[in-house]
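Residue numbers (the numbering used here), protein chains in the order written: chain A, 37 to 265; chain B, 37 to 265. Just so it is clear, CB atoms sit at the ideal spot from N, CA and C, and this is done for glycine as well. Remember, predicted model here, so these are calculated numbers, not experimental data.
Number of protein chains: 2
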Amino acid sequence: MSGVRERARAATTAEILRLAREQMAADGAAALSLRAIARDLGMVSSAIYRYFPSRDELLTALIIDSYDRLGAAVEAADAGVRRRGDFRARWRAAAHAIRSWAVEHPSEWSLLFGTPVPGYAAPVDTILPATRYTAALTGLLADMTAAGPRHRVAVPASLRADLARLRVTLGGDAPDGTLVVGLTAWAAVMGAVSLELFGHLHNVIDQPGALFDAVVEQHARIILGTDPG
Amino acid sequence: MSGVRERARAATTAEILRLAREQMAADGAAALSLRAIARDLGMVSSAIYRYFPSRDELLTALIIDSYDRLGAAVEAADAGVRRRGDFRARWRAAAHAIRSWAVEHPSEWSLLFGTPVPGYAAPVDTILPATRYTAALTGLLADMTAAGPRHRVAVPASLRADLARLRVTLGGDAPDGTLVVGLTAWAAVMGAVSLELFGHLHNVIDQPGALFDAVVEQHARIILGTDPG
DNA sequence: CGAAAAGCGAGAGCACTGCTCTCATTTTCT
DNA sequence: AGAAAATGAGAGCAGTGCTCTCGCTTTTCG
């Protein structure tokens, strides 16, 4: 086996990622500098390329890791709700987990949901991790559907194909209305968090947490309502 | 008066902004390069600094201009609705104007609502233009309130102060519930557009326009409803 | 009108970036 | 033990934002 080198390699790789995350937290994702990481590491800049073939590959690794952490946070929040049939509590838990993670890791939120880095196209490796944080939400919709049909809402015909595909992905039989309600709630949560973290509530809302609560409760009513929405 | 120089200066300034916007559309806002602009202009890079003291100042000018165009688009859409009492039509018009503008100017949307450029803090000059696109929305809420009270919804106590301040800014007497409903709709619209433009609907929704329609209609029901929501 | 002042563009240069290539050293594999 | 692979150092290239100095031109003012 290749003991010494393999361990050293793993340690250095982890250290690079740690420093990258540290730097990102300090100066933002776009300011991430390979040379600065190398300096912190006591290495020359070209040595970094033994571990990551390019800055984009480093970013990809960071993105995958961040998606994973966010996903884990949301999963844990949902799993923490004992009464699995209490859909309001589960929705609240999942939504607030998203915001909490974002507030605690703003630079990572920017990395995942901000402006895509110019010239950087998210590679396929990121697709799967990216779906993890939504899995808790779709799982909620599936469980709700199993507990009884809701959300009889007319949806645009042009959306039917997408919803049908989504239904298959979900693995359940959630009606179109339920999917639309879920997607809308998703958009509202993501919008509220991004508005807050990207500074668009400055001079408008001093208590973004309270506003987020209101948004969550608003959509809780729609998600749980058997008819309206 | 200073005829020749003044005109030349205005022309060059406009040309710089034009090239900047062109470059932004091609490679994204973060890739905007002063030197590239200078090259396109047939000037040496240092000459640009006679017109903009720094890259950040150029960005600020672009941001202000973009906010202004977005605001104008939303205003025009709202003003285009003849029957001023048809709040559903006005909401639809304003919301779709936001998405249309975003889809037509994705790089500018990123500039306004994406990750803040690292080290760049939006100066006060941008605050006023930033409120313009929301004015149509708040105007709608004010007009609705004048037409009759709605949205009797319990709001978190911690949000009351913000809502009170917002009510003053609005210049009307919109109840807390109306403001919360409006803020939620705003978050949903912004979230839906950003999810679409930043690539988070890939492999999920093929018809983002149809999803946006659904989101808008969903919130139309809440905004117009006299009780639910 | 003519001199002083201000505006403007060119050019050189600094410190920084991502990335490539070569070379010596060290570890691993056969 | 010898070949092969991994690793880090160093130099170098092309690009970036930005500063400074030096002429030239336009504007302003006595």
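Chain-ordered chain B contacts of residue i [CB-CB under 7 Å]
i                      : result
residue 251 of chain A : 220 and 223
residue 163 of chain A : 239
residue 146 of chain A : 151
residue 192 of chain A : 246, 249 and 250
residue 79 of chain A  : The contacting residues do not exist; residue 79 of chain A stays about 24 Å from chain B at best.
residue 117 of chain A : Under the 7 Å cutoff, chain B gives no residues; its nearest Cβ is about 21 Å from residue 117 of chain A.
residue 139 of chain A : The contacting residues do not exist; residue 139 of chain A stays about 16 Å from chain B at best.
Residue burial classification, residue i (beta-carbon count within 10 angstroms, cutoff 16)
i                      : result
residue 114 of chain B : buried
residue 225 of chain B : buried
residue 241 of chain A : buried
residue 87 of chain B  : buried
residue 238 of chain A : exposed
residue 44 of chain A  : exposed
residue 119 of chain A : exposed
residue 41 of chain B  : exposed
residue 235 of chain A : exposed
residue 263 of chain B : Only weak support is given to the placement of residue 263 of chain B: the predicted model assigns it a pLDDT of 43, under 50, and the value that follows is read from those uncertain coordinates. The residue is exposed, with fewer than 16 neighbouring Cβ atoms inside 10 Å.
residue 166 of chain A : buried
residue 46 of chain B  : exposed
residue 196 of chain B : exposed
residue 39 of chain A  : exposed
residue 164 of chain B : exposed
residue 89 of chain A  : exposed
residue 56 of chain B  : buried
residue 150 of chain A : buried
residue 210 of chain B : buried
residue 83 of chain A  : exposed
residue 193 of chain A : exposed
residue 246 of chain A : buried
Beta-carbon proximity list for residue i, same chain, < 8 Å, skipping 5 on both sides
i                      : result
residue 159 of chain B : 96
residue 79 of chain A  : none
residue 123 of chain B : 176, 179, 180, 183, 259 and 260
residue 189 of chain B : 212, 213, 216, 217 and 265
residue 170 of chain A : 222
residue 147 of chain B : 60, 65, 95, 98, 99 and 102
Other residues of its chain near residue i: CB distance less than 6 Å, five sequence neighbours each side excluded
i                      : result
residue 212 of chain A : 191 and 199
residue 140 of chain B : none
residue 248 of chain B : 135 and 228
residue 37 of chain A  : Summary for residue 37 of chain A: the model assigns pLDDT 48, below 50, so the residue's position carries little reliability; its value from the coordinates is reported in the next sentence. Closer than 6 Å at the Cβ level, and outside the excluded window around residue 37 of chain A, lies no residue.
residue 251 of chain A : 224 and 228
residue 69 of chain A  : none
Beta-carbon neighbours of residue i, restricted to chain A and to distances below 7 Å
i                      : result
residue 195 of chain B : 243, 246, 247 and 250
Chain A contact residues for residue i, given Cβ-Cβ distances below 8 Å
i                      : result
residue 198 of chain B : 240, 241, 242, 243, 246 and 247
residue 55 of chain B  : None at all; the shortest Cβ gap to chain A is about 17 Å.
residue 230 of chain B : 149, 226, 227 and 230
residue 204 of chain B : Simply none; closest approach about 12 Å.
7 Å Cβ shell around residue i - same chain, five flanking residues per side excluded
i                      : result
residue 138 of chain A : 145, 229 and 233
residue 142 of chain B : 233
residue 168 of chain B : 103, 104 and 107
residue 126 of chain B : 114, 117 and 176
residue 81 of chain A  : 70, 71 and 74
residue 3 of chain A   : Here chain A has residues from 37 to 265 only, and residue 3 of chain A is not among them.
Listed by chain order, chain B residues near residue i by CB distance under 8 Å
i                      : result
residue 235 of chain A : 152 and 158
residue 110 of chain A : Here the premise fails: no neighbours, minimum Cβ distance about 15 Å.
Residue i: contacting residues in chain B (beta-carbon distance under 9 Å)
i                      : result
residue 136 of chain A : None at all; the shortest Cβ gap to chain B is about 16 Å.
residue 59 of chain A  : Within 9 Å Cβ-Cβ: nothing; residue 59 of chain A doesn't reach chain B, min ~10 Å.
residue 40 of chain A  : Those do not exist, as residue 40 of chain A stays about 38 Å from chain B at its closest Cβ, beyond 9 Å.
Under 9 Å from the C-beta of residue i: neighbouring residues of chain A
i                      : result
residue 180 of chain B : In chain order: nothing, as chain A lies at least about 17 Å away.
Cβ-heavy atom distance, residue i to the ligand SAH, below 6 Å
i                      : result
residue 102 of chain B : In the structure shown, the ligand SAH is absent, as is every other ligand, since no ligand is present at all.
Checklist entry - Can you give, in chain order, each stretch of the alpha helix (DSSP H) that sits fully within the region 75-117 of chain A and has at least 4 residues? => result 81-84 and 91-115
Item to check | Three or more C-beta pairs below 8 Å linking the region 66-83 of chain B and the region 110-127 of chain B | outcome: No, they do not touch.
Item to check | Validate contact between the region 248-258 of chain A and the region 128-141 of chain A using beta carbons, cut 8 Å, 3 pairs | outcome: yes
Item to check | Segment contact flag, the region 201-217 of chain A with the region 228-237 of chain A, C-beta cutoff 8 Å, min 3 pairs | outcome: no
Checklist entry - Do three or more CB pairs link the region 51-58 of chain B to the region 164-175 of chain A at distances below 8 Å? => result no
Item to check | Continuous alpha helix (DSSP H) assignments of at least 4 residues falling wholly in the region 124-154 of chain A | outcome: You should have 142-149.
Checklist entry - Which full runs of the alpha helix (DSSP H) of 4+ residues lie inside the region 192-262 of chain B, going along the chain? => result 196-206, 212-233 and 244-260
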